[in-house]
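Student: Numbering (our numbering), first residue to last: 12 to 77.
Backbone N, C-alpha and C fix where the C-beta goes; we use that ideal spot for every residue, glycine too.
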């Protein structure tokens, strides 16, 4: 369900990094999804490059690092 900017970033990353990502996000392909590219985060909230703000209930995107 990734949107246009995330799809473009994934395409660029795939040319440089095997699988296009360097984390378990590679599993997205197994369920027919494209990974989201996170632009910023604060606490448990992350915002992707397409402007979607999400709550990361599992901490899987490392919002505290961002």
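Can you tell me whether DSSP reads residue 47 as helix, strand or coil?
Tutor: The residue labelled residue 47 in the question sits at position 36 within the chain shown. Residue 47 carries a coil assignment under DSSP once its states are collapsed to helix, strand and coil.
Student: Distance check for residue 62 and residue 56, CA to CA, integer angstroms please.
Tutor: Within the chain shown, the letter at position 45 stands for residue 56. Within the chain shown, the letter at position 51 stands for residue 62. Spanning the two alpha carbons is a distance of roughly 12 Å.
Student: On the three-state DSSP scale, how would you describe residue 57?
Tutor: Here residue 57 refers to the residue found at position 46 when the chain shown is read from its first residue. In the three-state scheme derived from DSSP, where H, G and I count as helix and E and B as strand, residue 57 is classed as strand.
Student: Thinking C-alpha only, which one of 67, 50, 42 is nearest residue 20?
Tutor: Reading the chain shown from its first residue, position 9 is the one you call residue 20. For residue 20, the nearest C-alpha among the options comes from 50.
Student: Report all residues from its chain with a CB closer than 8 Å to the CB of residue 64; omit the five preceding and five following residues, and keep chain order.
Tutor: Within the chain shown, numbered from 1, the residue matching residue 64 stands at position 53. These residues qualify, in order along the chain: 56, 57, 58.
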